[in-house]
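S.K.: If you scroll down you'll find the structure; I have some questions about it.
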Amino acid sequence: MADVRELLVQAQSLELDGDKPAAAKVMRQVAALYRDAGNATRALKMLRHARRLEGLPGEDDPTVPEPLPEPLPAPAEAEGPVPGDGVLIERRPSLADPAADAWCSFCCLPQREVGRLVAAPTGTFICRGCVVVVQTLLEVEE
Ligand SMILES: [Zn+2]
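Just so you know, we're using this note's numbering here: the sequence shown kicks off at 3 and counts up by one.
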């Protein structure tokens, strides 16, 4: 389909020249070529462009069927809570249950010795004493 590219260039220059009806006509030709080649998705895309050039609704027209969405690249890591399970994962520190048999993950002392612990979403804990140490370390760093 070598002439498709030529037609697209032609349509683009017509559009740039402000001759939108002519550009739309060329886009419809391109759409027909894609349709005949069995590429319905691209044909629809070209038709939509033609419709936009003609000032007709292109994107939101319910009579124009949606083309299949292009596959999205798989995200490297899931972001945020997984939708659908109905559980919002708490991603911030929170106070640990005072009755929990928990230990500070930093100094390894139990909650009954160091007082209330702050829990991380990862299942780790930190005590007040270690928070102070951490703060000092981070302040030196800055
Ligand atoms: Zn600690």
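We treat Cβ as the ideally placed atom computed from N, Cα and C, and that holds for glycine.
Between GLY131 and ligand 1, is there a pair consisting of the residue's CB and a ligand heavy atom that are separated by less than 8 Å?
M.R.: Mapped onto the sequence shown, residue 131 falls at position 129. It does: the Cβ of GLY131 is within 8 Å (strictly closer) of some heavy atom of ligand 1.
S.K.: Relative to ligand 1, is the shortest distance from any of its heavy atoms to the C-beta of VAL116 smaller than 8 Å?
M.R.: Position 114 of the sequence shown holds residue 116. The answer is yes for VAL116.
S.K.: Out of PRO95, VAL6 and ALA33, state which residue places its alpha-carbon closest to the alpha-carbon of ARG130.
M.R.: Along the sequence shown, read from residue 1 onward, the residue named residue 130 stands at position 128. If we check each option's Cα against that of ARG130, PRO95 comes out closest.
S.K.: Report all residues from its chain with a CB closer than 6 Å to the CB of ALA13; omit the five preceding and five following residues, and keep chain order.
M.R.: Taking the first residue of the sequence shown as position 1, residue 13 is located at position 11. Correct list, in chain order: ALA25, VAL28 and MET29.
S.K.: May I have the straight-line CA-CA distance separating GLY40 from HIS51, to the nearest angstrom?
M.R.: For the purposes of this step, residue 40 is taken as residue 38 along the sequence shown, with counting starting at 1. For the purposes of this step, residue 51 is taken as residue 49 along the sequence shown, with counting starting at 1. In a straight line, the C-alpha of GLY40 is about 18 Å away from that of HIS51.
S.K.: What's the call for ALA135, buried or exposed, on a 16-neighbour Cβ count within 10 Å?
M.R.: For the purposes of this step, residue 135 is taken as residue 133 along the sequence shown, with counting starting at 1. Sequence inspection shows Val at residue 135; the Ala mentioned does not correspond to that position. Exposed, because fewer than 16 other Cβ atoms sit within 10 Å of the Cβ of VAL135.
S.K.: So, with DSSP's three-state summary, where would you put SER1?
M.R.: Here the chain has residues from 3 to 144 only, and residue 1 is not among them.
S.K.: Between LEU58 and ALA122, what straight-line distance do the alpha-carbon atoms span, to the nearest angstrom?
M.R.: Position 56 of the sequence shown, counted from the first residue, corresponds to residue 58. Position 120 of the sequence shown, counted from the first residue, corresponds to residue 122. The straight-line gap from Cα to Cα measures roughly 54 Å.
S.K.: Quick check on ARG118: buried or exposed, where buried means 16 or more other Cβ atoms within 10 Å of its Cβ?
M.R.: Here residue 118 corresponds to residue number 116 of the sequence shown, with the count starting at 1. ARG118 should be labelled exposed.
S.K.: For ARG114 and LEU140, what's the separation of their Cα atoms in angstroms?
M.R.: Within the sequence shown, numbered from 1, the residue matching residue 114 stands at position 112. Within the sequence shown, numbered from 1, the residue matching residue 140 stands at position 138. Those two C-alpha atoms are separated by around 27 Å.
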